[in-house]
Each structure stands twice: as C-alpha cells, then as structure tokens.
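Each residue of the sequence shown is one higher than the one before, starting from 3 at the first, in this note's numbering. For each residue, glycine too, the CB sits at the ideal point set by N, CA and C. In this text, all values refer to a predicted model and were calculated from it rather than measured experimentally. One structure below.
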Amino acid sequence: RSRCSNLTNSSKLVANTHTHTHTHTHTHTHTHTHTHTHTHTHTHTHTHTHTHTHTHAHTHTHTHTHTHTHTHAHTHTHAHTQALKHTDSGKNIVIKCAILQENDSKRGRGEKKAERERDAVRQKEGEIEKLKEECAVLEAWRLRLQRRVEKSAFYWTFLEQVLRLAKYEDVWELLGRFATLLSTKEQLRQRESEVQEQADGQRGALQRHTEQQSCSILQKNNLLSQLQTELDQIRSNALRWENTWYHIQTTAAKETLLLGQIKVVTLNLYHMMGGTTGQEKGVAIDDTETQLKKVSDVIMS
Numbered sequence: 003r004s005r006c007s008n009l010t011n012s013s014k015l016v017a018n019t020h021t022h023t024h025t026h027t028h029t030h031t032h033t034h035t036h037t038h039t040h041t042h043t044h045t046h047t048h049t050h051t052h053t054h055t056h057t058h059a060h061t062h063t064h065t066h067t068h069t070h071t072h073t074h075a076h077t078h079t080h081a082h083t084q085a086l087k088h089t090d091s092g093k094n095i096v097i098k099c100a101i102l103q104e105n106d107s108k109r110g111r112g113e114k115k116a117e118r119e120r121d122a123v124r125q126k127e128g129e130i131e132k133l134k135e136e137c138a139v140l141e142a143w144r145l146r147l148q149r150r151v152e153k154s155a156f157y158w159t160f161l162e163q164v165l166r167l168a169k170y171e172d173v174w175e176l177l178g179r180f181a182t183l184l185s186t187k188e189q190l191r192q193r194e195s196e197v198q199e200q201a202d203g204q205r206g207a208l209q210r211h212t213e214q215q216s217c218s219i220l221q222k223n224n225l226l227s228q229l230q231t232e233l234d235q236i237r238s239n240a241l242r243w244e245n246t247w248y249h250i251q252t253t254a255a256k257e258t259l260l261l262g263q264i265k266v267v268t269l270n271l272y273h274m275m276g277g278t279t280g281q282e283k284g285v286a287i288d289d290t291e292t293q294l295k296k297v298s299d300v301i302m303s
C-alpha cells in the first residue's frame, strides 16, 4: 500500500505539470499585482518507474524548473506535450497500483478465510474432545449403575422368597407396608425428638432453678453466719455485763456491811462520851455524822 501511495503521488505530480505560475515582482521585491511585469515558470517533471518481479517499485523523480521572464505572457507548447506524456504514464501507474491493491485485498481475504476455517476446525476438535470426555463419564456412570443393579438383584430375590411366606400378594405391597413402617418409625423418632427437646428444656429449667436456689441458700447461710457471729458477740457482752453487775452487787453488800459497822461503832463511842439519843436535845440514832462530830469535839477538848 505504501508503494501504491508513492506511485499515486508521483502520478499526481505528473498530472499537475501543466501549470502556469504567474508571479508579479515589484522593484522592492514584494509580491504585488503589476500590469507591466509577467513571470512565466515552466516546470518539467520526468518520472522513471522501475518494476521488478518481487513487487518492489522504485520511483525516481527528476524535477527541472526553468524560469523565463518575458514582457508578455505566453505558453510553451513543449511543456504541454511533455505533460501529456507524463499524464499517460501516471495513468498506467495508477492502474498497476489498483491491480496490486486488488491482489493484496484478495490475498488478505483468503488469509482471513483460512484463519477462520482453522479456528472453526480447532473449535470443533475442542467440542469433540469435550464430548468424548462426557461420553467417558457417562459410560463410567452406566457401569456403576449396572454393578449396583447386579448387587441389588439379590434383594429382589430375597423379597420374592419372603413374599411366598408372608400374607402379601406381591412384592410392591410388601414394599408399601415396609414404607408405612418406615414412615411410622420416622414419626415416632420425630415425636421422641420433640419429647427429648421438652425434657432437655425442663432439665435446663430445673438446673437453673437449682442454681438459683443454691445461690439463695448460700446467701442465707452467709446471713446466718453473720447473725451467729453477732449473737456470739452479744452473748459475750452480756456475760461481761453480768460479771460486772455481780461485782457491783458484791461490792455494794460489803460496803453496806462496813457502813453498818461504822454506824454501830460511832453510836457506841457517842454513848461512851455521854451523848444522848432520842431526846429533844439528843442526836438521832441514824445521824452518824453528827455523832462523829460530837465525838471529835470531845476528843479535841
């Protein structure tokens, strides 16, 4: 495609060779439109194309530009003829490029089609392998089922023998009875499970109640121990106060006896000193202090 693009560009260059460029030059070298000076530029483009069998195109472009300045505008017929030749050459190049592009397009489509077919073949091969694996698995499962059937055939024979000894008409009736017994067993097992759950719940409640009562009894025992300690302390205090009271009573009795003896001795001394009692001028018998004072006065005199 890059080769075709280069060839197309070359053909475009050849097709545009018949070009007149009018450049109007002023005396100050600025480009202006002037009525007296006309510059005609003739471009000759030579394109050489070499094509090899290995589809590599080498394009050599030689551009020769001749600038002629004339007082009046005119066209050179030689440049026109050369441009027509290059135009035909460019058309041939475009045709060859189109053919190369078509061949490349066909080859690309063929390669894509072949790649799609290879992908489809690989996909089908993968599906075939997967189906083979599934067939192998199903065959193994069929063999296992066949072995199970062969093993279970003994039980069917055993059921037929039991049927001849029992009151059932056929094997299916026996199996129905067996299924009924299994259902009853399952119901009884479920009922047993429910009763067991209730028993577990009551057992748990009893355990919690026992723990609560044990906790309460422990608290009561602690309180009883505390009260017993207080009772022992009160009894100890009562015994101490009883001893104190007994000591007080004993001391009071001794002091009362001593006081009575002092009163008797004082009264006897008072009588011995000539004192009188019971008269108007006498001292009362119970007035021990006055009697002692009288005795003291007599002794001091």
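Looking at C-alpha atoms only, which residue of the options is the closest neighbour of residue i?
| i | options | result |
| --- | --- | --- |
| L161 | D172, K153, V151, E152 | D172 |
| G262 | D288, S238, R237 | D288 |
Can the beta-carbon of residue i be found less than 8 angstroms from the beta-carbon of residue j?
| i | j | result |
| --- | --- | --- |
| K265 | T292 | no |
| L271 | V297 | yes |
| V164 | L177 | no |
| T258 | L294 | no |
| S276 | V285 | Checking the sequence shown, residue 276 turns out to be Gly, not Ser. It is not a contact, given that the beta carbons lie outside the stated cut-off. |
Once you ignore the five residues that flank residue i on each side, which residues in its own chain have a CB closer than 6 angstroms to its CB?
| i | result |
| --- | --- |
| I97 | none |
| T33 | Note that T33 scores a pLDDT of 37, beneath 50, so its modelled location is shaky and nothing firm can be said. |
Could you compute how far the alpha carbon of residue i sits from the alpha carbon of residue j?
| i | j | result |
| --- | --- | --- |
| C217 | H249 | 48 angstroms |
| S227 | A240 | 20 angstroms |
| T279 | T246 | 40 angstroms |
| R242 | A254 | 18 angstroms |
| C137 | E131 | 10 angstroms |
| Q230 | T252 | 33 angstroms |
| A207 | Q215 | 12 angstroms |
| S303 | H273 | 17 angstroms |
| K134 | L140 | 10 angstroms |
| Q200 | R150 | 42 angstroms |
| T186 | G128 | 54 angstroms |
| L145 | W158 | 20 angstroms |
| E232 | L225 | 11 angstroms |
| T212 | L184 | 41 angstroms |
| D106 | E117 | 16 angstroms |
| K153 | K169 | 27 angstroms |
| K93 | C99 | 10 angstroms |
| K256 | D234 | 33 angstroms |
| L147 | E194 | 37 angstroms |
| E196 | I219 | 34 angstroms |
| E113 | D90 | 35 angstroms |
| G110 | W143 | 49 angstroms |
| R210 | D202 | 12 angstroms |
| Q221 | E188 | 49 angstroms |
| V123 | K115 | 12 angstroms |
| Q192 | Q204 | 18 angstroms |
| D121 | E104 | 25 angstroms |
| R166 | T182 | 20 angstroms |
What first and last residue would you give for the alpha helix (DSSP H) that runs through residue i?
| i | result |
| --- | --- |
| E171 | Unbroken run through E171: none, as it is neither H nor E. |
| I301 | 290-302 |
For residue i, I'd like the list of residues in its chain whose CB is within less than 7 angstroms of its CB, leaving aside the five on either flank, ordered along the chain.
| i | result |
| --- | --- |
| T37 | Low confidence applies to T37: its pLDDT is 37, below 50, so where it sits in the model is not reliable, and the reading given next is rough at best. Hits under 7 angstroms: none found. |
| V300 | M275 |
Cutting at 8 angstroms between CB atoms, please list the residues of its own chain near residue i, excluding the five before and the five after it.
| i | result |
| --- | --- |
| L190 | none |
Say whether chain D places a C-beta atom closer than 8 angstroms to the C-beta of residue i.
| i | result |
| --- | --- |
| C217 | Going by chain labels, chain D is absent from the structure shown, which holds only one protein chain. |
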